[in-house]
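Colleague: The numbering used here puts the first residue of the sequence shown at 9, with every later residue one more than the last. Cβ coordinates follow ideal geometry from the N, Cα and C atoms, glycine included. Have a look at this one before I ask anything.
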Amino acid sequence: MDIVEYLKPKFVLMENVVDILRLDKASLGRYALSRLVLMKYQARLGIVAAGCHGLPQFRLRFFLFGAHSSEVTTLKFLHKIELQHSLTVPDFGVVLLSPVDLMILVLLRNTVAYDEGQPHQLEDALVLRDSFSDLPPVVIIFLFY
9 MDIVEYLKPK FVLMENVVDI LRLDKASLGR YALSRLVLMK YQARLGIVAA
59 GCHGLPQFRL RFFLFGAHSS EVTTLKFLHK IELQHSLTVP DFGVVLLSPV
109 DLMILVLLRN TVAYDEGQPH QLEDALVLRD SFSDLPPVVI IFLFY
């Protein structure tokens, strides 16, 4: 999160294993979310079946998305699923999810299933350039003595 604070990008996407929410009562996930909120980012977190969105895997992944408050955006990461066990912080657009709601999201939005004989409609693959396209250029100066 220190690099986000230093670079101040318009958007932030953090991806990790689902265990980040299980380890030590989700302290790592809560830390990352709270740092984004303190830096005036709108934030959403959730569990996604990455294979449904163009990644070549079927494992569940934890995603944390942030948009700087200067960006006009509607974060549709959670769509309009009614979550009963969540705490919403409207000033920053943050939704803190309980484990029950995370499982509801997984079951309702992220089922990975297909028939072998059916054609597959996958999203375009994401490349590293897509992730870093809005970062400032890096200037390297070599000094020779």
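(1) By how many angstroms is the C-alpha of residue 72 removed from the C-alpha of residue 23?
(2) Just list the residues that DSSP pairs residue 55 with in beta bridges.
(3) Would you say residue 46 reaches chain B, if we count a Cβ-Cβ gap shorter than 8 Å as a contact?
(4) Do you know whose CA, among 29, 126, 66, lies nearest residue 54's CA?
(5) At 3 residues or longer, what runs of the beta strand (DSSP E) sit wholly inside the stretch 10-45?
(6) Restricting to Cα atoms, I'd like to know which of 34, 27, 43 is closest to residue 20.
(7) Buried or exposed for residue 41, going by 16 or more other Cβ atoms inside 10 Å?
(8) Out of curiosity, what's the CA-to-CA distance linking residue 31 and residue 9?
(9) Cutting at 6 Å between CB atoms, please list the residues of its own chain near residue 12, excluding the five before and the five after it.
(10) For residue 87 and residue 14, I'd like the C-alpha separation in whole angstroms.
(11) Output the distance between the C-alpha atoms of residue 93 and residue 74, rounded to the nearest integer angstrom.
Modeller: Result, derived from the coordinates:
(1) Looking at the two C-alpha atoms, the distance is approximately 6 Å.
(2) Partner(s): 70.
(3) Within the model displayed, chain B is absent; a lone protein chain is all it includes.
(4) When only C-alpha atoms are compared, the closest one is 29.
(5) Those beta strand (DSSP E) runs which fall completely within the stretch 10-45 and span 3+ residues are 19-25.
(6) It is 43 whose Cα lies nearest to the Cα of residue 20.
(7) The residue in question, residue 41, is buried, as its Cβ has 16 or more Cβ neighbours within 10 Å.
(8) One alpha carbon belongs to residue 31, the other to residue 9, and they sit about 19 Å apart.
(9) Same-chain partners within the cutoff: 20.
(10) Because residue 87 sits at a pLDDT of 45, beneath the cut-off of 50, its placement in the model cannot be relied upon, and the point is left open.
(11) Any reading at residue 93 must be qualified, since the residue scores a pLDDT of 42, below 50, and its modelled position is unreliable; the value itself is stated next. Approximately 22 Å, taken between the alpha carbons.
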